[in-house]
Amino acid sequence: MTTSLLIVQILNGLQLGILLFLVAAGLTLVFGVMDFINLAHGVQYMLGAYLAVTFVGLTGSFGLGLALALAAALVIGLALEFLVFRHLYERDHLDQVLATFGLILLLNQGVKIVWGAAPLSVPVPAFLSGSVQLMDGILYPVYRFALIGAGLGVGGLLWFIVEKTRTGMLLRAGASNAAMVSALGVDIRQLFMIVFAFGTMLAGFAGAMAAPILSVEPGMGDTVLILAFVVIVVGGIGSIRGAFVGALIVGLVDTLGRSFMNDLLRLFMSAPSARATGAALSSMLIYLVMAIVLFVRPEGLLPSKGRT
Amino acid sequence: MTLKYALSLSAGLLALGIAGAQAQEPLKIGVVSVLTGPQAALGQQVRDGFQLSVDQLGGKFGGRPVQITVIDDELKPDVAVSKVRSYIESGKVDFVVGPVFSNILGAIAKPVLDSGAFLISPNAGPSTLAGKACNQNFFVTSYQNDQVHEVLGKYAQDQGFKKAYIMAPNYQAGKDSLAGFKNYFKGEIVDEVYVPLTQLDFSAELAKIAAAKPDVVFAFMPGGLGVNLVKQWSQAGLTGKIPFLSAFTVDESTLPAQQDAAIGLFGGMTWAPNMDNPQTKKFVADYEAAYKIVPGSYAQQAYDAGLLIDSALKATKGDTSDKDKLRAAIKKADFTSLRGKFKFNTNGFPIQDFYLVKVAKRPDGKFQTEIAQKVFSDYADPHAKDCGLK
Numbered sequence: 001m002t003t004s005l006l007i008v009q010i011l012n013g014l015q016l017g018i019l020l021f022l023v024a025a026g027l028t029l030v031f032g033v034m035d036f037i038n039l040a041h042g043v044q045y046m047l048g049a050y051l052a053v054t055f056v057g058l059t060g061s062f063g064l065g066l067a068l069a070l071a072a073a074l075v076i077g078l079a080l081e082f083l084v085f086r087h088l089y090e091r092d093h094l095d096q097v098l099a100t101f102g103l104i105l106l107l108n109q110g111v112k113i114v115w116g117a118a119p120l121s122v123p124v125p126a127f128l129s130g131s132v133q134l135m136d137g138i139l140y141p142v143y144r145f146a147l148i149g150a151g152l153g154v155g156g157l158l159w160f161i162v163e164k165t166r167t168g169m170l171l172r173a174g175a176s177n178a179a180m181v182s183a184l185g186v187d188i189r190q191l192f193m194i195v196f197a198f199g200t201m202l203a204g205f206a207g208a209m210a211a212p213i214l215s216v217e218p219g220m221g222d223t224v225l226i227l228a229f230v231v232i233v234v235g236g237i238g239s240i241r242g243a244f245v246g247a248l249i250v251g252l253v254d255t256l257g258r259s260f261m262n263d264l265l266r267l268f269m270s271a272p273s274a275r276a277t278g279a280a281l282s283s284m285l286i287y288l289v290m291a292i293v294l295f296v297r298p299e300g301l302l303p304s305k306g307r308t
Numbered sequence: 309m310t311l312k313y314a315l316s317l318s319a320g321l322l323a324l325g326i327a328g329a330q331a332q333e334p335l336k337i338g339v340v341s342v343l344t345g346p347q348a349a350l351g352q353q354v355r356d357g358f359q360l361s362v363d364q365l366g367g368k369f370g371g372r373p374v375q376i377t378v379i380d381d382e383l384k385p386d387v388a389v390s391k392v393r394s395y396i397e398s399g400k401v402d403f404v405v406g407p408v409f410s411n412i413l414g415a416i417a418k419p420v421l422d423s424g425a426f427l428i429s430p431n432a433g434p435s436t437l438a439g440k441a442c443n444q445n446f447f448v449t450s451y452q453n454d455q456v457h458e459v460l461g462k463y464a465q466d467q468g469f470k471k472a473y474i475m476a477p478n479y480q481a482g483k484d485s486l487a488g489f490k491n492y493f494k495g496e497i498v499d500e501v502y503v504p505l506t507q508l509d510f511s512a513e514l515a516k517i518a519a520a521k522p523d524v525v526f527a528f529m530p531g532g533l534g535v536n537l538v539k540q541w542s543q544a545g546l547t548g549k550i551p552f553l554s555a556f557t558v559d560e561s562t563l564p565a566q567q568d569a570a571i572g573l574f575g576g577m578t579w580a581p582n583m584d585n586p587q588t589k590k591f592v593a594d595y596e597a598a599y600k601i602v603p604g605s606y607a608q609q610a611y612d613a614g615l616l617i618d619s620a621l622k623a624t625k626g627d628t629s630d631k632d633k634l635r636a637a638i639k640k641a642d643f644t645s646l647r648g649k650f651k652f653n654t655n656g657f658p659i660q661d662f663y664l665v666k667v668a669k670r671p672d673g674k675f676q677t678e679i680a681q682k683v684f685s686d687y688a689d690p691h692a693k694d695c696g697l698k
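Right, here's the structure in full:
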């Protein structure tokens, strides 16, 4: 093991973390502000990827396709809010889980009817298709740096909106006491609609950004959803900062575990048993981290203020 | 369809009287395939490939009209068993064709075979059913699962590669795959990596491969895993630097998503869409015209299953009542396989040639695997010796 390999693996971990952050940000926002468990966040991520496939294919340009995909994701999000989610805000979490789980089944099947069951893909945009040599023998694609940049940008934007703007102030107020905000004359339903639509768009953005490196297929959102929940549980539910830190931790732990667990175990085990234990252990490492966080700090590492 | 056949059946009865009824009674065939979930692309190829064989033979096998019932196994063994059982109980079923995956086959084999129907697998070929648990009414038109992985192991060994980096998902089929590769590859295994079935990002593994500098990489990454791996392999600039051998990772079901990233990568198979014989040319052209995609081995093997049933019924003149006669006719495999050579071993599995295949872009912009070289000739699986059938 060399230092350059370690550096590359840390970069890989950060990059996976940023990708998870893009998904988890929208989830935690909706959960934190609206106290709404949206299991359908994963399929909205999937829809973003599929819309990117369609629009990038139609326009031939990644930027334009991405913009159109985002607009379409927003429209779909608003439609879903109007048709389904609006009627669930007052209900308890179990009803929300059931209804949004139904949406997962519906949209996974719907995507298959519209786009077919075979995996699809989006080409890496030409202006980001180069690569950088970081280590002997491996190139680091520029697109992955762009992904990191996009994640940091989204993080910064969210921080600015939540902390520095009037809407953000209302969001924070709504998160700690929705009834009081409503009593003070703020249209809380409209606020919720904005938050939800924005959350959907974030999920769609994550899907569209992931499309050039991952396979676009029905059910692709389900694995990501589980990881996103791990991220927000580790980071603290409802907190954007928590989601960011949680995502980086999950990304790093997962990547470094996969990279070095075998070598580590081989120090005191035979090669075949190190291989078997390493594969099993590295795939459950992030869940172990989540369990430890839940045990030591049940509210997460960086919980949002005002929630108890 | 059913109504049409029912009408033609009653018309046939009126015209011919009861004497003609036996030969004209529709042949009942259940097609069990996965049509929901991420693996549905494979299941659709099996369903469509089989349907194409029926359509090209005018809706009849050996002169008998064919009545197909498509059953979606949902890739869940319990669902598959209950659906298949209720189908079998619905009436005299002559053949069941399917499924795609070995775990489903393990679940449905007993109920189907106990009912007296013939079971033809167009894809799954687990070692148990090739060996001790073989059955006289069970036939496979694909291969024994291990053989495809062995093709790549043999090729790596023949090429004189010294160091191999091998990887697969962490489940039974993944372990079988790497074991199959190692049956023939005797060089050093630099690392043997098992990843979770839900893995998204392979950048950690790719960095390790680049650092380990193996002579060759072997991967078994079916479906979406393969799409992710291949795209990221190409983006990391590893294409052309290290030979990439794979099983079920680059095929016609994943190539529409992998596209240029997969060009030049290797797989192992018994057939490819560019196989040089007239029946393949016609099959590929007809399949593409009907279903708009390039057919893969899944469609090809299901199509061959259709031709096999037709050949057997021709030999018995449409009669399915004498099972021994029908079985003997199936065993002869007297049809023109898309693979050219095809014959059955004593355990109902084929003895056939295996090829190294390579991904290429066709002049029309579509992608397909193409035969690179023959690796095994008349290769029979070793499990047949554990099978008591003669």
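Just so you know, the protein sequences line up as chains U and S, in that order.
The first sequence: position 219 = 219 (my numbering), numbered continuously.
Remember, my numbering sits 308 above the position in the second sequence when you count from 1.
Cβ coordinates follow ideal geometry from the N, Cα and C atoms, glycine included.
Exercise. Using a Cβ cut-off of 9 Å, pull out every chain S residue sitting near methionine 209 of chain U, in sequence order please.
Key: Per Cβ cutoff of 9 Å: no residues; methionine 209 of chain U is ~13 Å from chain S at best.
Quiz item: Since leucine 514 of chain S meets chain U, which of its residues come closer than 8 Å, beta carbon to beta carbon?
Solution: Ile138
Quiz item: Sorted by chain position, which residues of the same chain lie with C-beta nearer than 8 Å to threonine 308 of chain U's C-beta, five sequence neighbours on each side aside?
Solution: With a pLDDT of only 43 at threonine 308 of chain U, under the threshold of 50, the placement of this residue in the model should not be trusted; the figure read from the coordinates follows. Nothing listed; no residue qualifies.
Exercise. Indicate, with yes or no, if the ligand MN has a heavy atom lying under 7 Å from the CB of aspartate 356 of chain S.
Key: Summarising the ligand content, the structure contains no ligands, and the ligand MN is consequently not present.
Quiz item: DSSP three-state call for methionine 583 of chain S: helix, strand or coil?
Solution: coil
Practice problem: Pick helix, strand or coil for valine 186 of chain U, following the three-state DSSP scheme. | Solution: Three-state DSSP puts valine 186 of chain U in coil, outside helix and strand.
Quiz item: What is the DSSP secondary structure of isoleucine 428 of chain S, reduced to helix, strand or coil?
Solution: strand
Practice problem: Return the residues of the stretch 536 to 552 of chain S that lie within a Cβ-Cβ distance of less than 8 Å from chain U, sorted by chain order. | Solution: Asn536, Lys539, Gln540, Gln543, Ala544, Gly545, Leu546, Lys549
Self-check item: Burial state of glycine 439 of chain S (16 or more Cβ within 10 Å)
Solution: buried
Self-check item: C-beta neighbour in chain U for proline 346 of chain S, strict 8 Å
Solution: yes
Quiz item: Roughly how many angstroms separate the alpha carbons of leucine 22 of chain U and proline 477 of chain S, rounded to a whole number?
Solution: 26 Å
Exercise. Give the straight-line distance between the Cα atoms of alanine 329 of chain S and glycine 371 of chain S, rounded to the nearest whole angstrom.
Key: Bear in mind that the predicted position of alanine 329 of chain S carries a pLDDT of just 44, short of 50, making it too unreliable to give a figure here.
Quiz prompt | Status (buried if at least 16 other CB within 10 Å, exposed otherwise) for tyrosine 728 of chain S | solution = The question about residue 728 of chain S has no answer here: the residues shown for chain S are numbered 309 through 698.
Exercise. With a threshold of 16 other CB atoms inside 10 Å of the CB of glycine 41 of chain U, please say whether the residue is buried or exposed.
Key: The sequence given here has histidine at residue 41 of chain U, not glycine. Counting Cβ neighbours within 10 Å, histidine 41 of chain U comes out buried, since at least 16 surround it.
Practice problem: Can you give me the Cβ contacts of proline 346 of chain S inside the same chain, cut-off strictly under 7 Å, excluding the 5 residues immediately before and after it? | Solution: Gly531, Gly532
Exercise. Please list, in chain order, all residues of the same chain as valine 342 of chain S whose beta carbon is under 8 Å from its beta carbon, the five residues on each side excluded.
Key: Only residues of its own chain outside the window of five on either side were considered, and among them Ala348, Leu350, Gly351, Asp380, Asp381, Glu382, Leu383, Pro407, Val408, Phe409, Ile412 have a CB closer than 8 Å to the CB of valine 342 of chain S, listed in chain order.
Exercise. In the DSSP assignment, find the alpha helix (DSSP H) that holds glycine 221 of chain U and state where it starts and stops.
Key: 220 to 235
Quiz item: Cβ of glutamine 15 of chain U less than 8 Å from any chain S Cβ?
Solution: Judged by the 8 Å Cβ criterion, glutamine 15 of chain U is in contact with chain S.
Practice problem: Please report how far the alpha carbon of arginine 91 of chain U lies from the alpha carbon of valine 97 of chain U, in whole angstroms. | Solution: Each residue's alpha carbon lies about 10 Å from the other.
Exercise. Return the bridge partner residues of glycine 575 of chain S from the DSSP annotation.
Key: S/Val665
Practice problem: Run down chain U in chain order and give the residues with a C-beta less than 7 Å from the C-beta of threonine 506 of chain S. | Solution: Thr223
Exercise. Please check if any C-beta of chain S sits within less than 8 Å of the C-beta of valine 8 of chain U.
Key: yes
Practice problem: Round the Cβ separation of alanine 197 of chain U and leucine 78 of chain U to the nearest angstrom and send it over; I've been treating them as touching at under 8 Å. | Solution: 5 Å
Quiz item: Mind listing which residues of the stretch 441 to 475 of chain S have their C-beta closer than 7 Å to chain U's C-betas, in chain order?
Solution: Those residues of the stretch 441 to 475 of chain S that come within reach of chain U (Cβ to Cβ, closer than 7 Å) do not exist; the list is empty.
Practice problem: Name, in chain order, the residues that DSSP records as bridge partners for alanine 555 of chain S. | Solution: S/Phe528
Quiz item: Where does arginine 166 of chain U fall in DSSP's three states?
Solution: helix
Practice problem: With 8 Å as the threshold, decide whether the Cβ of leucine 5 of chain U is near any Cβ in chain S. | Solution: Output row for leucine 5 of chain U: interface = yes.
Self-check item: Chain-order list of residues whose beta-carbon lies under 7 Å from that of arginine 670 of chain S (same chain, five-residue window excluded)
Solution: Gln676
Quiz item: Nearest chain S C-beta to alanine 279 of chain U closer than 8 Å, yes or no?
Solution: yes
Quiz item: Any chance the stretch 260 to 268 of chain U sits against the stretch 237 to 246 of chain U, with 3 or more Cβ pairs inside 8 Å?
Solution: Using a Cβ-Cβ distance cut-off of 8 Å, the stretch 260 to 268 of chain U and the stretch 237 to 246 of chain U are not in contact, since fewer than three pairs of beta carbons, one from each stretch, lie closer than that value.
Quiz item: Counting only beta-carbon atoms, is alanine 126 of chain U nearer than 8 Å to chain S?
Solution: no
Exercise. Check whether the Cβ of glycine 433 of chain S lies closer than 8 Å to any Cβ atom in chain U.
Key: So, not an interface residue.
Quiz item: Going straight from the alpha carbon of glycine 335 of chain U to that of glycine 13 of chain U, what length do you get?
Solution: The displayed coordinates of chain U run from 1 to 308. Any statement about residue 335 of chain U would go beyond what the structure contains.
Quiz item: Leaving out the 5 sequence neighbours to the left and right, which residues in its chain are closer than 7 Å to leucine 573 of chain S when beta-carbon positions are compared?
Solution: Spatial neighbours of leucine 573 of chain S in its own chain (CB-CB distance under 7 Å, excluding positions within 5 residues in sequence) are listed in chain order as Val538, Phe552, Ser554, Val558, Val667.
Quiz prompt | Partner residues on chain U for aspartate 630 of chain S, Cβ-Cβ distance less than 9 Å | solution = Chain U residues near aspartate 630 of chain S: none, gap ~40 Å exceeds 9 Å.
Quiz item: What are the boundary residues of the beta strand (DSSP E) that alanine 476 of chain S is part of?
Solution: Membership of alanine 476 of chain S in the beta strand (DSSP E) is indicated by the continuous run 471 to 477.
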